[in-house]
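First residue of the sequence shown: 15, per the working numbering; consecutive thereafter. Since the structure comes first, as structure tokens, the remarks are kept for the end.
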Amino acid sequence: MVEGLPAVLFGILNLYLLTDLPEQSKWLSREEKDWLKSELDKEKVEVKDKKQHSSHKKECGMKKSI
């Protein structure tokens with residue numbers, strides 16, 4: 015029981031410290047928030063491009079390569 019206590023405490027603590035968006039965090043500086051937001055925006059574009067490319071393969075009848 016004692017071994018699991020730190021995990022439970024950190025889990026509860028994370029519910030209050032971690033936010034959904036960088037802009038909402040109180041512990042990041044403005045520069046860190048801006049950098050993180052730009053990285054997340056880049057990642058969103060990359061994921062969107064991959065999904066479009068993948069759907070194009072399906073339309074053309076191409077199989078996924080491993």
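In this text, a Cβ means the ideal position worked out from N, Cα and C, and glycines have one as well. In this text, all values refer to a predicted model and were calculated from it rather than measured experimentally.
Between LYS51 and GLU37 the beta-carbon gap is near 7 Å, inside 8 Å, which marks them as a contact. Spanning the alpha carbons of ARG44 and LYS64 requires a straight line of approximately 31 Å.
Counting along the chain, no alpha helix (DSSP H) covers VAL16, and no H or E run does either.
DSSP places SER52 in the helix class (H, G or I) of the three-state scheme. A direct Cα-to-Cα measurement between GLN66 and ASP48 gives close to 27 Å.
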